[in-house]
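Student: Would you mind keeping the following structure in view while I ask a few things?
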Amino acid sequence: MASDTSKRSSYFLITPMAAIFAVFLVIPLLTIVVVSFWDYDEYRILPDFILENYSYLLGSSVTWSIYLNTLKYAALTWVFTLLIGFTVAYFLAFHVRSLTWQIVLFMLCTIPFWTSNIIRMISWIPFLGRNGLLNSALINMGIVDQPLEFLLFSDFAVVLADVHLYTLFMVVPIFNSMMRIDRSLIEAARDAGASGFETLKSVIVPLSKPGIAIGSIFVITVVMGDFITVRLMSGGQSASVGLQISNEIGLLQYPAAAASAVVLLITVLLIVTGLLRLVDIRKEL
């Protein structure tokens, strides 16, 4: 009897969360999958079951080019956010001894999040523009003779904005992993004669892998679906999967957009699954 009561209590406890999960995640995803098989024309969406949306999407060379471009953005952003995030987290965890200063410096890292993403992106335009602050400074110092064209409305600008926007997503989980490292392990490595680099490579990095994996998942998933950054910072000269979906929605091609969303979701899930197979992030949970 006690066992049955315990089971019923467990069901009651998980029912609200399961209902929220179903309403806000499962049902919308199923709706997107269903709509992805519908037909459409210039004026209507026609409930049906066709495969043309997927065959056209996967059979188009433009699609593969857009996916490669999106993966390029995700890979470059991941590399730079990892380097910056790991460095910042390492400094906060091992070189700032005072808890008060750790909190203060960590709060400073969150200041950019006090404003809108769009405002932070737009702020780069007067800095990187042809007649912007950076080009003017380089010309005045005699470093260049003419403005650098690649700084704005280019892949460089897109990656720079992404790194600016999402580095904190890498800092937080890595910092959390580093704060859990037993300092006696580092002392033992030093006592064994390990240099600072050897300690970093053999102790700190392996024990920080769960945080690196979580940060990587955050950054890659956000960049793969991003479209505003690509639209604004490339000046419409580049494309991404998210931007493609946005354009299809703007043209009222909802079944095509749904098919693109399903393929993007599968791609991201494959990437996340690969990361989870490499690192056990349950250590962080």
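Residue 1 is where the sequence shown starts when you use my numbering, and the numbers rise one by one after that.
Note that beta-carbon positions come from the ideal geometry of N, C-alpha and C, so glycine has one too.
#1: Any idea what DSSP makes of Asp41, helix, strand or coil?
#2: Check whether the Cβ atoms of His164 and Arg120 sit closer than 9 Å, and answer yes or no.
#3: Please report the straight-line C-alpha distance between Ile245 and Ala257, rounded to a whole angstrom.
#4: Measure the alpha-carbon distance for Gln146 versus Ser136 and round it to whole angstroms.
#5: Just to check my reading of the structure: Val219 and Met170 have Cβ atoms closer than 8 Å, yes? What is that Cβ distance to the nearest angstrom?
#6: List the whole-angstrom C-beta distance separating Ile281 from Ala213, where the pair is believed to meet the contact cut-off of C-beta under 8 Å.
#7: State the CB to CB distance for the pair Phe153 and Gly235, rounded to an integer number of angstroms; the pair is presumed to be in contact (CB under 8 Å).
#8: Measure from the alpha carbon of Ser116 to the alpha carbon of each residue in Ala161, Val88, Ser60, Leu278, then state which is nearest.
#9: Taking the beta carbon of Ala239 as the centre, do at least 16 other beta carbons fall within 10 Å, making it buried, or is it exposed?
#10: Which partner residues of Leu46 appear in the DSSP bridge assignment?
#11: Assign Ala293 to one of three DSSP states: helix, strand, or coil.
#12: Determine, using beta carbons only, whether Phe175 and Val79 come nearer to each other than 9 Å.
#13: Taking only the alpha-carbon atoms, compute the straight-line gap between Lys209 and Leu99 and give it to the nearest angstrom.
#14: Which whole-angstrom value is the C-beta distance of Pro173 and Val35, which I expect to be below 8 Å?
Tutor: Inspection of the coordinates gives the following:
#1: Coil, per DSSP.
#2: Yes; because the gap between Cβ atoms is below 9 Å, this pair is in contact.
#3: Taking the straight line joining both Cα atoms gives about 5 Å.
#4: Rounded to the nearest angstrom, the two C-alpha atoms are 9 Å apart.
#5: That pair is a contact at about 6 Å.
#6: Here Ile281 really is in contact with Ala213; their C-beta atoms are around 5 Å apart, less than 8 Å.
#7: Contact flag correct, Cβ pair sits at about 3 Å.
#8: Ser116 has its Cα closest to that of Ala161, out of Ala161, Val88, Ser60, Leu278.
#9: With a threshold of 16 other beta carbon atoms within 10 Å, Ala239 meets it and is buried.
#10: In the DSSP assignment, Leu46 is bridged to Asp39.
#11: Since the first residue shown for the chain is 1 and the last is 285, residue 293 is missing from the structure and cannot be characterised.
#12: Contact check for Phe175 against Val79 fails: the beta carbons are separated by 9 Å or more.
#13: C-alpha separation (whole angstroms): 23 Å.
#14: The beta-carbon separation of Pro173 and Val35, rounded to 34 Å, does not stay under the 8 Å limit for a contact.
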